[in-house]
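FYI, in this note's numbering the residues of the sequence shown are 100 to 716. Working notes for the structure below.
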Amino acid sequence: MFNTKTISRSSARDVRRDVQGLRALAVLAVLVFHIEKDWLPSGFTGVDMFLVISGFIITSMLLKQGDAVDWKLFYWARARRIVPAYLVMLTLVTLLAAWMFLPPDFDIYQDSLGSALGFYSNFYFSDFGSYFAPASHELPLLHTWSLAIEMQFYLFFPLFFGLTPVRYRALALAFLIVVTLGYSQYQLLADQATHAYFSSIGRAGEFLIGALLAVLSLGRSWSIALATAAGGVGLVLLIAGFTVVDQGRFPGLWALLPCLGTALLIAARNGWINILLSHRAAVWVGGLSYSIYLWHWPLLAIYRYYTGGYELSWLPVVVIVAMTLIISVISLRWIETPARRLKLTASGFGIAAAMASLCVLVMVASPRLGSGPQAEVPAAMARYAIPEEICHGRLVGNCVRGDKHIPPEALVIGDSHGAQLNYFFDVAGQAEGFSVKLITGSSCVPVPDFDVERLPDYAQEDCRHQIKAVQDSLSDFKVIVLAGKWRWHFGSQRFLSAIASFVSSSVAEGKKVIVLAQIPMFDGNLLRARHFEALGLSVAVHEDAEWRHANQQIKELVTKFPGAQFVDYSGSTFFANAPFDQGELMYMDAHHLNETGARHYGRFVASDLALLLKDHQ
Numbered sequence: 100m101f102n103t104k105t106i107s108r109s110s111a112r113d114v115r116r117d118v119q120g121l122r123a124l125a126v127l128a129v130l131v132f133h134i135e136k137d138w139l140p141s142g143f144t145g146v147d148m149f150l151v152i153s154g155f156i157i158t159s160m161l162l163k164q165g166d167a168v169d170w171k172l173f174y175w176a177r178a179r180r181i182v183p184a185y186l187v188m189l190t191l192v193t194l195l196a197a198w199m200f201l202p203p204d205f206d207i208y209q210d211s212l213g214s215a216l217g218f219y220s221n222f223y224f225s226d227f228g229s230y231f232a233p234a235s236h237e238l239p240l241l242h243t244w245s246l247a248i249e250m251q252f253y254l255f256f257p258l259f260f261g262l263t264p265v266r267y268r269a270l271a272l273a274f275l276i277v278v279t280l281g282y283s284q285y286q287l288l289a290d291q292a293t294h295a296y297f298s299s300i301g302r303a304g305e306f307l308i309g310a311l312l313a314v315l316s317l318g319r320s321w322s323i324a325l326a327t328a329a330g331g332v333g334l335v336l337l338i339a340g341f342t343v344v345d346q347g348r349f350p351g352l353w354a355l356l357p358c359l360g361t362a363l364l365i366a367a368r369n370g371w372i373n374i375l376l377s378h379r380a381a382v383w384v385g386g387l388s389y390s391i392y393l394w395h396w397p398l399l400a401i402y403r404y405y406t407g408g409y410e411l412s413w414l415p416v417v418v419i420v421a422m423t424l425i426i427s428v429i430s431l432r433w434i435e436t437p438a439r440r441l442k443l444t445a446s447g448f449g450i451a452a453a454m455a456s457l458c459v460l461v462m463v464a465s466p467r468l469g470s471g472p473q474a475e476v477p478a479a480m481a482r483y484a485i486p487e488e489i490c491h492g493r494l495v496g497n498c499v500r501g502d503k504h505i506p507p508e509a510l511v512i513g514d515s516h517g518a519q520l521n522y523f524f525d526v527a528g529q530a531e532g533f534s535v536k537l538i539t540g541s542s543c544v545p546v547p548d549f550d551v552e553r554l555p556d557y558a559q560e561d562c563r564h565q566i567k568a569v570q571d572s573l574s575d576f577k578v579i580v581l582a583g584k585w586r587w588h589f590g591s592q593r594f595l596s597a598i599a600s601f602v603s604s605s606v607a608e609g610k611k612v613i614v615l616a617q618i619p620m621f622d623g624n625l626l627r628a629r630h631f632e633a634l635g636l637s638v639a640v641h642e643d644a645e646w647r648h649a650n651q652q653i654k655e656l657v658t659k660f661p662g663a664q665f666v667d668y669s670g671s672t673f674f675a676n677a678p679f680d681q682g683e684l685m686y687m688d689a690h691h692l693n694e695t696g697a698r699h700y701g702r703f704v705a706s707d708l709a710l711l712l713k714d715h716q
């Protein structure tokens, strides 16, 4: 059976200084990558280093205990190492998010919080996807996916290890490494990159590489020269893993770069590189690595949510790094270290349960922080239409907008910049006596040959569905209207070819094609800016001039085809005071009109729009 004193003191007595240095290297790589991807393009592989290290340490611990394992004590040791600081982080971040986030964004946060509490957030984020959800770099709990996977390993691996005969352990581990890495590579080849990235099975091989290293006792008898050479190879592999790996094709076999590099450096315990890794500065950072990992991402994500952008200037970088280190030192001193001393007794368990209950209670009550007047957002201000009523990503009824007593005169096709025009066409059509059929998709202008693969996973199938719906409807209309966020689409040469081909073929068939200019856009989320102002937080939002360049590009493309017309209202008096009209906020974010704005816009252009649509007759 486990010896209680052995377990409680193992981390202090047995952790190798060079392994702590490796932890420092891993967490610094992740930190740099999360601050600015261009600084260390593949710094995300630091997470894979952590998994190898964890596999090595846990397996080494199990090997020292022999065959009779006290499972209760083992899992207690893991829980008190991971959970206390984790719960404190979740509690404080939840309080901050409840105060700062818009209600729809906080709803999404609460969903992620539930998955984080249950240690299944890797599954949650694997399936996460919504066009209007905060960007991934604004999700405060995104980083918990790796901790979820680690806890899943801690739950199941000791059982596998204990049930596998000693003489077959190395063979079984090697077999599972091949199978799990093969599975990860298969997912990548099957265009399931997101699922591969967050997969427990796909990541298991990384943990098992560390376990196999411990079972084989590799490196114990190496000479200093051999250890130094092996460490050098390991360092080269890590450097390659930090710089040349494409996140979109990871993990798969690419995971072998950071994993084998880490394994070689762990094995090369007596080498010169390991002596450098044992420097007390590296050991100090390694000791803080868990807290640094816990805290750096929420601080970055919440700041980016506040600014609405990814790029960081030097001042916030310095402040966030300093805050991360300060909080990490406090966490290690006042949370992690005392928690490790808790024994599996009635009193120890009672203290842990009381602390956990308090944290959960605060998290449950936290939504009240965001329920004051400053959080009130009228529905018409936070959306461009009721999602269930529009043909966006799916077909709902006949998709007709405007005067529904009149057959539709035009087919309107677009992405969300087309979808924002549902109430626009309702108001204009009812005022002038016309209707249109409106079919749109998230990030997708559903024309034939649109490059669907460019879209996020969650939007691809809906886009294909809407493309088919458009193709089925084209023969019924003589007028086609296109609307889109041209700034984004013009980054794709395939899209340019597809849209040019569509306009050309439509004109050749005698159809009139009207392409609407992109409306003015801004460099920050305007609804958030309104919310932050109510909280007493200042945030500057300016016009993003890139939409002007995009409009010029689409105009040049469209006007090449006789019968196609570029229509630009972006310079009209309606947008003279954008993002406001008559004192009301017209935008729901940086570039979409809200419901109120869409209706105002429709009234402004109604008569002109009616003439455009009927001009073909």
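Note that the Cβ used here is the ideal one computed from N, Cα and C, for glycine as well. As the structure is a prediction and not an experimental result, all values here were calculated from the model.
| Check | Outcome |
| --- | --- |
| Complete runs of the alpha helix (DSSP H) confined to the segment 143-217 [at least 4 residues] | 145-164, 170-199, 202-216 |
| C-alpha distance - Q473 paired with V578, whole-angstrom precision | Note that Q473 scores 49 on pLDDT, short of 50, meaning its location in the model is unreliable and no value can be drawn from it. |
| K611 - containing beta strand (DSSP E), residue span | 611-615 |
| Local conformation of Q473 per DSSP, three classes | In this predicted model, Q473 has a pLDDT of only 49, less than 50, meaning its place in the structure is not dependable; the value taken from the coordinates is given anyway. Helix, per DSSP. |
| Reduced DSSP secondary structure (H/G/I, E/B, other) of A111 | Note that A111 has pLDDT 45, beneath the 50 cutoff, so the model's placement of it is unreliable and no number is given. |
| Rounded separation between T263 and A128 - CA only | 35 Å |
| E435 classed as buried or exposed, judged by whether at least 16 other C-beta atoms fall within 10 angstroms | buried |
| Cut-off 6 Å between Cβ atoms - residues of its own chain near I426, not counting five sequence neighbours on either side | W394 |
| Supposed close pair G351, L287 - CB separation, criterion 8 Å | 5 Å |
| Span of the alpha helix (DSSP H), counted from its first residue to its last, around G492 | G492 -> no alpha helix (DSSP H), and no H or E assigned at all. |
| For L280, the nearest candidate out of R593, A303, K163, V580 (CA to CA) | A303 |
| As assigned by DSSP and simplified to three states, the class of Y219 | coil |
| Beta-carbon contacts of P640 that lie in its chain and below 7 Å, excluding the five residues immediately before and after | It is worth fixing the name first, because residue 640 is Val in this sequence and not Pro. Once the five neighbours on either side are set aside, the close Cβ partners of V640 are F621, D622, G623, L625, A628. |
| For G145, the nearest candidate out of L337, W585, S390 (CA to CA) | L337 |
| S235 burial status per 10 Å Cβ neighbour count (16 or more: buried) | exposed |
| Stretch-stretch touch, CB-based, cutoff 8 Å, three pairs: the segment 115-123 with the segment 370-380 | yes |
| Three-state secondary structure assigned by DSSP to K136 | helix |
| Those runs of the alpha helix (DSSP H) which lie wholly inside the segment 243-308 and span at least 4 residues | 243-262, 268-288, 292-297 |
| Three CB pairs or more closer than 8 Å across the segment 570-590 and the segment 632-652 | yes |
| Counterpart residues of E683 in DSSP-defined beta bridges | D680 |
| Rounded separation between S220 and L241 - CA only | 8 Å |
| For V666: DSSP bridge partner residues | L615 |
| Residue burial classification, P733 (beta-carbon count within 10 angstroms, cutoff 16) | This structure cannot settle anything about residue 733, because the visible part of the chain is limited to 100 through 716. |
| Anticipated Cβ contact below 8 Å, L692 with I618, distance rounded | 7 Å |
| Proximity winner among M188, V580, M685, S600, relative to T423 (alpha-carbon distances) | M188 |
| Integer-rounded CB distance, given that P545 should sit under 8 Å from Q565 | 4 Å |
| Nearest to A689 (by Cα), restricted to the options H516, M250, L272, L195 | H516 |
| I429, enclosing alpha helix (DSSP H) - first and last residue | 413-430 |
| The beta strand (DSSP E) enclosing A509, as first and last residue numbers | 509-513 |
| Buried versus exposed, by CB contacts within 10 Å (16 or more), Q519 | buried |
| Cβ-based neighbour list, V606, same chain, cut-off 8 Å, excluding 5 preceding and 5 following | V612, F660, P661, G662, A663 |
| Same chain, Cβ closer than 6 Å to A697, five either side skipped, listed in chain order | Y483, Q519, Y522, F523 |
| Which of helix, strand or coil DSSP assigns to A582 | strand |
| CB contact flag (T361, V602, <8 Å) | no |
| Chain-order list of residues whose beta-carbon lies under 7 Å from that of R593 (same chain, five-residue window excluded) | D550 |
| Cβ-based burial, N676 [other Cβ within 10 Å; buried from 16] | exposed |
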